[in-house]
Structure formats: C-alpha cells, structure tokens
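The UniProt record's numbering puts the first residue of the sequence shown at 1, with every later residue one more than the last.
Think of the CB as a built atom: it goes at the ideal place given N, C-alpha and C, for glycine as much as any other residue.
Keep in mind that this is a model prediction, so the values were computed, not measured.
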Amino acid sequence: MSARINNRDHRKIAIIDGHTAFTGGINLADEYINEVKKHGYWKDTAIMIRGEAVWNMTVMFLSMWDYLSGIDEDFDKFRYKFTIKDQIYDGYFQPFSDSPFDDETVGETVYLNLLNKARRYVYITTPYLVIDYKMTQALASAAKSGIDVRIITPHIEDKWYVHAVTRANYRFLVESGVKIYEYTPGFIHSKTLVSDDEYAVVGTINMDYRSFYLHFECGVWTYKSKSVLDIKGDFLSTLEVCTEITMDMINKTKWYKTLMGTLLRIFAPLM
Numbered sequence: 001m002s003a004r005i006n007n008r009d010h011r012k013i014a015i016i017d018g019h020t021a022f023t024g025g026i027n028l029a030d031e032y033i034n035e036v037k038k039h040g041y042w043k044d045t046a047i048m049i050r051g052e053a054v055w056n057m058t059v060m061f062l063s064m065w066d067y068l069s070g071i072d073e074d075f076d077k078f079r080y081k082f083t084i085k086d087q088i089y090d091g092y093f094q095p096f097s098d099s100p101f102d103d104e105t106v107g108e109t110v111y112l113n114l115l116n117k118a119r120r121y122v123y124i125t126t127p128y129l130v131i132d133y134k135m136t137q138a139l140a141s142a143a144k145s146g147i148d149v150r151i152i153t154p155h156i157e158d159k160w161y162v163h164a165v166t167r168a169n170y171r172f173l174v175e176s177g178v179k180i181y182e183y184t185p186g187f188i189h190s191k192t193l194v195s196d197d198e199y200a201v202v203g204t205i206n207m208d209y210r211s212f213y214l215h216f217e218c219g220v221w222t223y224k225s226k227s228v229l230d231i232k233g234d235f236l237s238t239l240e241v242c243t244e245i246t247m248d249m250i251n252k253t254k255w256y257k258t259l260m261g262t263l264l265r266i267f268a269p270l271m
C-alpha cells in the first residue's frame, strides 16, 4: 500500500468562468448547510474573490485535474480576459496552495508569519488544535508579548480522539495567556486567521499535522481589504455564543480524561 494514500486533497475550490472563485471550509454535504445536524450547529466560513487573483485558483484546480486525468491541456484558454472596467480596488488578495510533495510547509508558514507580524491581536478559528512545538511556542510567545491571541474551537466534536488532543493542548496555551473559547452551539469547521485589522487568511487549513504536512491545501491571504474587517466581525459575533476556557475549568477536568488526552498526543501526527 502506498504511503501517498495519506495525502488527501483537502482543498475546496469553485471557479466560475475564470472571473470569480470561492474557497473555505465548506464541503458538498448536507451537514455543512445544516440540513442534517450531526454535531450540533455547523459553523463554517468561505471567501469569494473576483479579479486577476482568480487565475491562481484556476491553475490550482487545473493542475490537479490534468494530473489525475492524464491530459495536458492549454491552461490559457480558461483564463478570463479582464478589462480596466472590471477592476475594483479593495486591497490585496493572494491565493496560495500547499502540497505535501515539496519541501515547503506553505500553510504553516503563512500562519507563523502572521503570528510573528502581529502587534495588537490575532483571532483564529479552527476545528482542530493538534499542533507541534513550533506552533505552540509561536502562539504562547505572541500572547506573552502582549498580543491578544484568541482561538475558537468546537464544543461538540466530530472525532472524539482529535477533540481530546485539542483539549490536551489547552493548559499550556491558557497558562501562557492565549484565550481559548469553545463554540457552544456545535462544531466550528471554519479555518480563519485575522490580525490587526490589516491581514487575514481564509482557507482549508486546519491547525493540525495533516493540514500542515500531509494534505493538499489552499487559502486566500488578504491585506487591507474590506474582507479583513468582515472576518473580524464574524469572529467577534461568534464569540457571543462561545464559552471561554479558564484554568479553573482545566483543573477540574477528570484525571482519566487528562491522561487519555496526554496519551493520545503521542499519536497526534497520525490524526
């Protein structure tokens, strides 16, 4: 059996005629639009972009399509010909993709870059918080330096063992000053990061080993656009239905749950 079976295409890309594109956490399934409620209310996020940046996402899609189908087609025939009147300035947008077959962890690097760049705040939503030493220290260091670091994770899990590892990471982060909240109505599947009213990322990248190292992923980095404040506003409104995780709550966790989470952390790279 090939180890490449582990390398899942986790991207979600929709492109309309080369001029409009969507990406984010939303898959094509009933629970993603809450027609079926498997884990409480399902909260997700996506971004729509228009303009020249759509070409990046078109190439992402066609590269995988041609690889899987074994064809070699002319990408340029799928490129939308924008005119000056099509252009509307609203900051900067940079779609990016990440492949497990190169030597660069693009998704993790983007997240670390924004954490290190922040001066006032970093707000993050992620369904999983299964992170390595490098990311843990970056979050802790930012909080200790006075940055307002907040993370929203699910309250109702989709995979109990991954949720156990997520919660096992709470203690050190909360002790370091990171504020962690659980989304009380159900499962938060959105993957967003917003910082200082200037930078934001929306995409498919979870804060876990699989997204950082094993999956094909994609996202959109944006700077000084209206979308940045939209993402911040969505985060703050979501906080209203979240429960903050305190040290008192962590200390009251049953000993066997703490032990289980600690043991499962050994297998975190496999989750």
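Self-check item: Span separating the alpha-carbon of residue 120 from that of residue 147
Solution: Within the sequence shown, residue 120 is the residue found at index 120, counting from 1. Within the sequence shown, residue 147 is the residue found at index 147, counting from 1. Each residue's alpha carbon lies about 5 angstroms from the other.
Quiz item: Which one or two residues does DSSP pair with residue 98 in a beta bridge?
Solution: Taking the first residue of the sequence shown as 1, we reach residue 98 at position 98. Paired residue(s): 217.
Practice problem: Could you tell me the boundaries of the beta strand (DSSP E) in which residue 108 lies? | Solution: Taking the sequence shown and counting its residues from 1, one reaches residue 108 at position 108. Taken as a continuous stretch (DSSP letters only), residue 108 belongs to no beta strand (DSSP E), being part of the alpha helix (DSSP H) at 106-117.
Quiz item: Curious, which full-length beta strand (DSSP E) runs of at least 3 residues does the stretch 44-79 contain?
Solution: 46-50
Quiz item: Does the beta-carbon of residue 116 have 16 or more other beta-carbons within 10 angstroms, so that it is buried, or is it exposed?
Solution: Taking the sequence shown and counting its residues from 1, one reaches residue 116 at position 116. Flag for residue 116 reads exposed.
Self-check item: Exposed unless 16 or more other CB atoms sit within 10 angstroms - verdict on residue 181
Solution: Translated into positions along the sequence shown, residue 181 becomes position 181. Buried, by the Cβ-count rule.
Practice problem: Can you tell me the Cβ-Cβ gap for residue 185 and residue 24, rounded? I've got them flagged as a contact below 8 angstroms. | Solution: In the sequence shown, the residue the question calls residue 185 occupies position 185. In the sequence shown, the residue the question calls residue 24 occupies position 24. The Cβ separation is near 19 angstroms, so there is no contact.
Exercise. Could you pull the start and end residues of the alpha helix (DSSP H) that residue 232 belongs to?
Key: Residue numbering aside, residue 232 sits at position 232 when the sequence shown is read from its first letter. Residue 232 -> alpha helix (DSSP H) spans 226-239.
Quiz item: Can the beta-carbon of residue 129 be found less than 8 angstroms from the beta-carbon of residue 201?
Solution: In the sequence shown, residue 129 corresponds to position 129, counting from 1. In the sequence shown, residue 201 corresponds to position 201, counting from 1. Cβ atoms of residue 129 and residue 201: not closer than 8 angstroms.
Quiz item: Just reading off the beta strand (DSSP E) that residue 193 is part of, what are its end residues?
Solution: Your numbering for residue 193 matches position 193 in the sequence shown. 192-195 is the extent of the beta strand (DSSP E) around residue 193.
Quiz item: Is residue 212 helix, strand or coil by DSSP?
Solution: Residue 212 sits at position 212 when you count from the first residue of the sequence shown. Three-state result, residue 212: helix.
Quiz prompt | Start-to-end residues for the beta strand (DSSP E) that takes in residue 179 | solution = Along the sequence shown, read from residue 1 onward, the residue named residue 179 stands at position 179. Looking at the DSSP string, the run of the beta strand (DSSP E) that includes residue 179 is 179-183.
Exercise. Indicate whether the contact test is met: 3 or more Cβ pairs, each with one atom in the stretch 52-63 and one in the stretch 19-35, closer than 8 angstroms.
Key: yes
Self-check item: Status (buried if at least 16 other CB within 10 Å, exposed otherwise) for residue 157
Solution: For the purposes of this step, residue 157 is taken as residue 157 along the sequence shown, with counting starting at 1. It counts as buried.
Quiz item: If you run the structure through DSSP and keep just helix, strand and coil, what is residue 1?
Solution: Stepping through the sequence shown from its first residue, residue 1 is reached at position 1. Note on residue 1: pLDDT 39, under 50, position unreliable in the model; no value is reported.
Quiz item: So, residue 138 versus residue 173, is the Cβ gap smaller than 8 angstroms?
Solution: Mapped onto the sequence shown, residue 138 falls at position 138. Mapped onto the sequence shown, residue 173 falls at position 173. It is not a contact, given that the beta carbons lie outside the stated cut-off.
Self-check item: Cβ-Cβ separation, residue 192 to residue 45 (assumed contact under 8 angstroms), whole Å
Solution: For this step, residue 45 is matched to residue 45 along the sequence shown. For this step, residue 192 is matched to residue 192 along the sequence shown. Indeed they touch by this definition, with Cβ atoms about 5 angstroms apart.
Practice problem: Identify the continuous beta strand (DSSP E) that holds residue 243 and give its terminal residues. | Solution: Mapped onto the sequence shown, residue 243 falls at position 243. Bounds of the beta strand (DSSP E) holding residue 243 are 242-244.
Quiz item: How big is the Cα-Cα spacing for residue 252 and residue 170?
Solution: Taking the first residue of the sequence shown as 1, we reach residue 252 at position 252. Taking the first residue of the sequence shown as 1, we reach residue 170 at position 170. So the two alpha carbons sit approximately 13 angstroms from each other.
Practice problem: Measuring alpha carbon to alpha carbon, tell me which of 227, 136 and 237 ends up nearest residue 183. | Solution: Looking up residue 183 in the sequence shown gives position 183. Closest by alpha carbon: 237.
Exercise. Kindly indicate the opening and closing residues of the alpha helix (DSSP H) around residue 171.
Key: Looking up residue 171 in the sequence shown gives position 171. Here the alpha helix (DSSP H) through residue 171 covers 170-175.
Quiz item: Does DSSP put residue 8 in a helix, in a strand, or in coil?
Solution: For the purposes of this step, residue 8 is identified with residue 8 of the sequence shown, where counting begins at 1. In the structure shown, residue 8 sits in coil (DSSP, three-state: anything other than H, G, I, E or B).
Practice problem: Classify residue 92 as helix, strand or coil using the three-state DSSP reduction. | Solution: The count along the sequence shown starts at 1 and reaches residue 92 at position 92. If DSSP states are grouped into helix, strand and coil, residue 92 belongs with the strands.
Practice problem: Identify whether residue 207 lies in helix, strand or coil by the three-state DSSP scheme. | Solution: Here the question's residue 207 lines up with position 207 in the sequence shown. Note: residue 207 maps to strand in three-state DSSP.
Quiz item: Does the beta-carbon distance from residue 195 to residue 144 come in below 8 angstroms?
Solution: Here residue 195 corresponds to residue number 195 of the sequence shown, with the count starting at 1. Here residue 144 corresponds to residue number 144 of the sequence shown, with the count starting at 1. Contact: no.
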